[in-house]
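Residue numbers (the working numbering): 75 to 422.
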Ligand code: KG4
Ligand code: ZN
């Protein structure tokens, strides 16, 4: 079954063709980072307009790369939410139009859950799904720090999330204070490589609490006040600050993953890690060294937003659904962050 996946929730437009949830036939992404960099963050209206101009050329490019004709597509999948509402509506409207003109099913998917399927796409072929579930899944991006218990590829139970900033958001805000370019994660990782992580002590966020939640705003504030107290910040100061910050940003995740695995009665087989922050090599090293079960990461092209993860997740949803006729309906709405809590509650 060939599914066309469309992603437009934030600042990347993605269109991909994926066969049977695993074989990527084409994955085309148009990245808007340089357009938003001047503003220090994503400008929602600009993002929506960019999606509007990029989506059709990307669709054409995906068909060309895969060598497929539109009639060979079996279903269209699209990010329903969460995301920037104007940006989401571009992808959803396009997907609805395409599915109805080709008379094929339309499968709406949750963006955060789909990130996990980006991690699954990168797996070596010898790793079978039954080797992974039940397991934990971590989405660490600019908008989310979510830890899930997954009993199967389509069953997500939210175990912990951030009570304030997301991990990637914290990287971006700290980078801004240090005068580094947006997005901040790659710049901080590069500087941290030449830094001494011991020089600046960092607060261990929520370290003494037994409840499962993440918090990043205290770490961000601590970084801002340390930088202010230094007055002039040398290149070595920046490297040392980035190294210390990064260790605690990831140290907190390790603590919470360990706590979750101790509290969950199900024997866990794996940790799947996804989202933009999963690109960080130090993060990969720390998790591999600290956990007693194996951590799996996406290939770099599936860390950030892309259409392939949408199509891959949609395939699993379609296979699992008892009533496939539901995917013929197009009456559903987008959910932005405004309706996110409701969507999580209903497990959609
Ligand atoms: O998943 P993503 O592309 O977009 C969403 O937020 O959905 O994640 C982007 C986030 C940004 O906050 C960026 O700073 C962070 O991922 N990021 C990184 C690295 N590369 C991207 N954070 C730490 N280290 C990196 N190498
Ligand atoms: Zn994302």
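No residue lacks a Cβ here, since even glycine has one placed at the ideal position from N, Cα and C.
Exercise. Check whether the Cβ atoms of residue 82 and residue 162 sit closer than 8 angstroms, and answer yes or no.
Key: yes
Taking the alpha helix (DSSP H) that residue 321 falls in, what are its first and last residues? 309-337
Cut-off 6 angstroms between Cβ atoms - residues of its own chain near residue 386, not counting five sequence neighbours on either side:
92, 95, 191 and 195
* Find out if the Cβ-Cβ distance for the pair residue 289, residue 236 is shorter than 8 angstroms. => yes
**Asked** Quick one: Cα of residue 331 to Cα of residue 375, how far?
**Response** 25 angstroms
Shell residues, 5 angstroms Cβ cut-off relative to heavy atoms of the ligand ZN: 215 and 379
So the beta strand (DSSP E) residue 154 belongs to, where does it begin and stop? 149-155
| query | Cβ-heavy atom distance between residue 353 and the ligand KG4 below 7 angstroms? | reply | yes
Quick one: Cα of residue 106 to Cα of residue 333, how far? 37 angstroms
Practice item. Grab me the residues of residue 121's own chain with a C-beta within less than 8 angstroms of its C-beta, minus the 5 sequence neighbours each way, in chain order. Key: 84, 85, 106, 110, 158, 160 and 161
* Can the beta-carbon of residue 136 be found closer than 8 angstroms to that of residue 150? -> no
**Item:** Secondary structure of residue 100, DSSP reduced to three states
**Value:** strand
Do residue 381 and residue 101 come within 8 angstroms of each other at the CB atom, strictly closer than that value? yes
Q) Can you give the Cα-Cα distance for residue 206 and residue 227, rounded to whole angstroms? A) 9 angstroms
Report yes if the C-beta distance between residue 361 and residue 312 is below 8 angstroms; otherwise report no. no
What's the call for residue 269, buried or exposed, on a 16-neighbour Cβ count within 10 Å? buried
message: Am I right that residue 80 and residue 142 are in contact with their C-beta atoms under 8 angstroms? What's the rounded C-beta distance?
response: No, residue 80 and residue 142 are not in contact; Cβ-Cβ is about 15 angstroms, not under 8 angstroms.
Problem - Those residues which DSSP pairs with residue 209 across a bridge - result: 224
If you draw a straight line from the C-alpha of residue 404 to the C-alpha of residue 184, how long is it? 16 angstroms
Report task. Compute every distance between the C-beta of residue 84 and the non-hydrogen atoms of the ligand KG4, then say whether any falls below 7 angstroms. Result -> yes
Exercise for the section: Look at residue 365 and residue 208 and say whether their C-beta atoms are less than 8 angstroms apart. Expected result: no
Check: Are the region 241-260 and the region 313-324 in contact at 8 angstroms, needing three or more beta carbon pairs?
Finding: yes
Any non-hydrogen atom of the ligand KG4 within 7 angstroms of residue 257 CB:
yes
| task | Quick one: grab the DSSP three-state call for residue 409. | result | coil
* Which ranges does the alpha helix (DSSP H) cover as unbroken runs of at least 4 residues, wholly within the region 328-398, from first to last along the chain? -> 355-364 and 381-394
Alpha carbon of residue 291 to alpha carbon of residue 316, nearest angstrom: 16 angstroms
Taking buried to mean at least 16 other C-beta atoms within 10 Å of its own C-beta, is residue 128 buried or exposed? buried
Return yes when the Cβ of residue 335 is within less than 8 angstroms of the Cβ of residue 203, no when it is not. no
**Prompt:** To which residues of the same chain is residue 276 closer than 6 angstroms at the C-beta, ignoring the five residues directly before and after it?
**Reply:** 318 and 322
When you compare only the Cα positions, how much space is there between residue 126 and residue 170? 14 angstroms
Which value, in whole angstroms, describes the spacing of the CA atoms of residue 402 and residue 147? 15 angstroms
Q) Can you tell which of 198, 263, 176 and 189 has its C-alpha closest to the C-alpha of residue 156? A) 189
Exercise. By Cβ distance below 8 angstroms, which residues in the same chain neighbour residue 296 in space, the five residues on each side in sequence not counted?
Worked result: 276 and 277
The ligand KG4 heavy atoms versus the CB of residue 324: any closer than 7 angstroms?
-> no
Q.
So if DSSP puts residue 184 in a beta bridge, which residue, or which two residues, is it bridged to?
A. 155
Which residues does DSSP list as the beta-bridge partners of residue 81?
88
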